[in-house]
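First comes the structure, then the notes that go with it.
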Amino acid sequence: MADSKDPTIPEENNSNANKSDDKKKEGFSDQFKTDDNSADKKKEGYSDQFKAEDDSAGKSKSVDNKIESGETEKKKDDKDEKKSKLKVSPKSFDKDKTEEQKETEKIKKRMGNSFSAFFSNLYALLTDILDIRSGSNVEKTNEAILDDIEFRGANVWALVASIIIASIGLNINSTAVVIGAMLISPLMGPIIGVGWSVAVNDLDALKKSVKNFMVMVIISIITSTVYFFISPLSSPSAELIGRTSPTILDLFIAFFGGVAGIVSMSKTGKVNVILGVAIATALIPPLCTAGYGLAEGRMDFFVGAAYLFLINSVFISLASFIMIRYLRFPLKEYLDPKKDKKVKRLLFYFGILVMIPSAYTFYNSIMLFRFNSEAERFVKTEINHNGSKVLKMETITGDSINVIELYMIGVGIDSLTLARWNNKLSDYKLQNTMLHVYQDKDLSSGDLSGDLEHIVKTGIIEDLYRKNQDELETKDQQIRFLERTIAGYKSQALPIVDIGPEAKSIIPLIDKIALGESYTVNDSGRVDTIYSIMVTWQDDKKIRKKQKNEAKEKLGRWISVRLKKDTVLVLDVN
7 MADSKDPTIP EENNSNANKS DDKKKEGFSD QFKTDDNSAD KKKEGYSDQF
57 KAEDDSAGKS KSVDNKIESG ETEKKKDDKD EKKSKLKVSP KSFDKDKTEE
107 QKETEKIKKR MGNSFSAFFS NLYALLTDIL DIRSGSNVEK TNEAILDDIE
157 FRGANVWALV ASIIIASIGL NINSTAVVIG AMLISPLMGP IIGVGWSVAV
207 NDLDALKKSV KNFMVMVIIS IITSTVYFFI SPLSSPSAEL IGRTSPTILD
257 LFIAFFGGVA GIVSMSKTGK VNVILGVAIA TALIPPLCTA GYGLAEGRMD
307 FFVGAAYLFL INSVFISLAS FIMIRYLRFP LKEYLDPKKD KKVKRLLFYF
357 GILVMIPSAY TFYNSIMLFR FNSEAERFVK TEINHNGSKV LKMETITGDS
407 INVIELYMIG VGIDSLTLAR WNNKLSDYKL QNTMLHVYQD KDLSSGDLSG
457 DLEHIVKTGI IEDLYRKNQD ELETKDQQIR FLERTIAGYK SQALPIVDIG
507 PEAKSIIPLI DKIALGESYT VNDSGRVDTI YSIMVTWQDD KKIRKKQKNE
557 AKEKLGRWIS VRLKKDTVLV LDVN
């Protein structure tokens, strides 16, 4: 019997074990986990379950220990439960963070799209506005340029006339006459023709342009030389002197003048009047100035003017070449790419070579301007001597030493004062500069005496003129002030002359009327103006009180409207 039952025991145990496994698979949460299972569950994120105690250890403890253990486990369970409530799930936190990042990325993407769309639209707008290729009339432009290259007949006489007119304008220092001469000058044609022929690779047109250009230059210089040779006015004017020191700014004027010329011609086929003035400004006057230099033997005038004409001609042609290439005019003959690069390189180097002297001149002009400014500041600040006055200041610049010359009258300047003034020069960035002072005692020294005498007389006249101008300006200011003051008083004055008769015609009971202003001050210190009306009534005994009150009220309303015043007070005299 015993043997027959033994085999069945393990079978029951196995069935119970299988049932237990099935319940664990179904997820019953009231069973305890073993140490291994608890570790696995912790990895999966379950933080609210506890480890099961060993059965053998629980059996060996006493009942009291079991109670105490149960209470301890309960307290621990409550504590862990509170912690689990306070603890934020890492997955939920990561989810919120991911959503915020997605939203931020969406905003950034929208902003990026907006900016890119804005700049794309702006670029498209600017491209459309600045586009000069569309609408270019290539055929008419080529015809117009080829026609302007021609130089014979009417063009020759127009050039001679414009040179003579410009020479007269320069001689008498008249800018208006010079501008009139530039309007009729045909000199621009061959210059633009040179740049155009190089751009389209037309060798025949290039030869023709250069030949006509040289003929024009020779005729212009001969004409201006003959005029200045027979002209009785030999002293150089400001207009002539202004053409002897070209700077890099003249280069830019010529270049952008050429750009404007080609753009205008490509649209209309000919240059308009405004464009002709803007371009020719830098061409006719230098040729006339060069003729003046030859006629008077002033090579500095000739060289300076000739260089100005050269840089203007070169950069007008260079601008024409660049714009024709940019507008993609068709080439007359195919040009080998290597030769094309060589031509561009030669033009670039030639332009730089022509530009260098103008840049140097521009630098010298800036240095001269700074020197003169500092010299004037030095004289105004430091040259203060009681009893002496500066009549005139001149500056002389040299390669190594600059000089400031002062012409003074009055009390003599001692050597110590002169030495102190010379030592102060370095404080005004006037290194390598000397100060020369000419005083009354120098009047006895030959040529200088005549110069000083002339300067003294001129200085006295200028000083008197300046003082008279200052006095007149002061008197004018006083007159204007008084006129404004009187006008203000007139606007504020009460029109008593008109109001008296008007008031009597409206209210016949009035015999006399007087107006005046009075002022009241309230508790806050504010001043108010009250307009008072004092009325004398006709035969006061016959007027009833009610009539008088009605007349006073009517008079007050009328005066308030008539004078546009808010506060009016009517007072009885009788």
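Under this note's numbering, the first residue of the sequence shown is numbered 7, with each subsequent residue one higher. Backbone N, C-alpha and C define an ideal beta-carbon position, used for all residues, glycine too.
- prompt: With C-beta atoms as the reference, is Val-221 less than 8 Å away from Phe-157?
  reply: yes
query: Identify the residues that DSSP records as bridge partners of Met-540: which are they?
result: Ala-520 and Leu-577
query: Per DSSP, Tyr-444 forms a beta bridge with which residues?
result: Tyr-413
message: So if DSSP puts Ser-394 in a beta bridge, which residue, or which two residues, is it bridged to?
response: Gly-416
- request: Take Phe-354 and list the residues in its own chain whose beta-carbon comes closer than 8 Å to its own, dropping the five residues that flank it on each side.
  value: Excluding residues within five positions, none has a Cβ falling inside 8 Å.
- prompt: So is Ile-113 buried or exposed if we call it buried at 16+ other beta carbons inside 10 Å?
  reply: exposed
field: Proximity winner among Ile-565, Lys-570 and Ala-167, relative to Leu-577 (alpha-carbon distances)
entry: Ile-565
For Ile-516, the nearest candidate out of Val-204, Ile-536, Asn-580 and Asp-476 (CA to CA): Asn-580
task: Tell me whether Gly-527 is buried or exposed, calling it buried when 16 or more other Cβ atoms sit within 10 Å of its Cβ.
output: The sequence as given places Val at residue 527; Gly does not occur at that position. It is exposed - the Cβ of Val-527 has fewer than 16 other Cβ atoms within 10 Å.
message: Is the beta carbon of Leu-431 closer than 8 Å to that of Phe-384?
response: yes
field: Cβ pair Asp-154, Ile-224 closer than 8 Å
entry: Note that the C-beta distance between Asp-154 and Ile-224 is not below 8 Å.
message: Quick check for students: name the residue ranges of the alpha helix (DSSP H) that lie wholly in the stretch 125-183, counting only runs of 4 or more.
response: 144-155 and 160-177
- prompt: Using the C-alpha atoms, what's the distance from Phe-121 back to Gly-263?
  reply: 37 Å
- request: Could you check the C-alpha separation between Arg-550 and Phe-487 for me, to the nearest Å?
  value: A direct Cα-to-Cα measurement between Arg-550 and Phe-487 gives close to 52 Å.
task: Return helix, strand or coil for Ile-402, following the three-state DSSP convention.
output: strand
- prompt: Does the stretch 402-416 come close enough to the stretch 431-446 to have 3 or more Cβ pairs within less than 8 Å?
  reply: yes
task: Hey, could you find the ends of the alpha helix (DSSP H) Phe-315 is sitting in?
output: 305-332
- request: Inspect the beta-carbon positions of Pro-292 and Phe-315 and report whether they are closer than 8 Å.
  value: yes
- prompt: Is DSSP giving Asn-429 helix, strand or coil here?
  reply: helix
- prompt: When the Cα atoms are used, what is the spatial distance from Thr-573 to Ile-485?
  reply: 35 Å
- request: Compute the beta-carbon to beta-carbon distance between Ser-203 and Ser-215, rounded to the nearest angstrom, for a pair I have assumed lies under 8 Å.
  value: Confirmed, about 6 Å.
- prompt: Just how far apart, CA to CA, sit Ile-228 and Ala-130?
  reply: 53 Å
Three-pair Cβ contact test at 8 Å for the stretch 232-241 versus the stretch 361-375: no
- prompt: Taking Cβ to Cβ, would you say Ile-138 is nearer than 8 Å to Leu-333?
  reply: yes
query: Can you tell me whether Pro-196 is buried or exposed, with buried defined as 16 or more other CB within 10 angstroms of its CB?
result: buried
task: Using beta-carbon positions only, say whether Gln-445 and Gly-418 come within less than 8 Å of one another.
output: Against a cut-off of 8 Å, the Cβ pair of Gly-418 and Gln-445 comes out as a contact.
message: I need the boundaries of the alpha helix (DSSP H) containing Gly-201, first residue and last residue.
response: Going by DSSP, Gly-201 is part of the alpha helix (DSSP H) stretching over 194-206.
message: In this structure, how does DSSP classify Asn-438 when only helix, strand and coil are distinguished?
response: coil
- prompt: If you count every other CB in all the chains shown that lies within 10 Å of the CB of Gly-141, and 16 or more means buried, which is it?
  reply: exposed
- request: Could you spell out where the alpha helix (DSSP H) holding Leu-515 opens and where it closes?
  value: Note, Leu-515: premise wrong, no alpha helix (DSSP H); not H, not E.
query: DSSP beta-bridge partners for Thr-480?
result: Per DSSP, none; premise fails for Thr-480.
query: If you draw a straight line from the C-alpha of Ala-150 to the C-alpha of Phe-327, how long is it?
result: 16 Å
- prompt: What residues in its chain sit with their C-beta under 6 Å from that of Gly-632, if we drop five residues either side in the sequence?
  reply: What the structure shows of the chain is the stretch from 7 to 580, and residue 632 is not part of that stretch, so it cannot be assessed.
field: Burial state of Ala-381, where buried means 16 or more other Cβ atoms lie within 10 Å
entry: buried
query: For Tyr-525 versus Leu-569, is the C-beta distance shorter than 8 Å?
result: no
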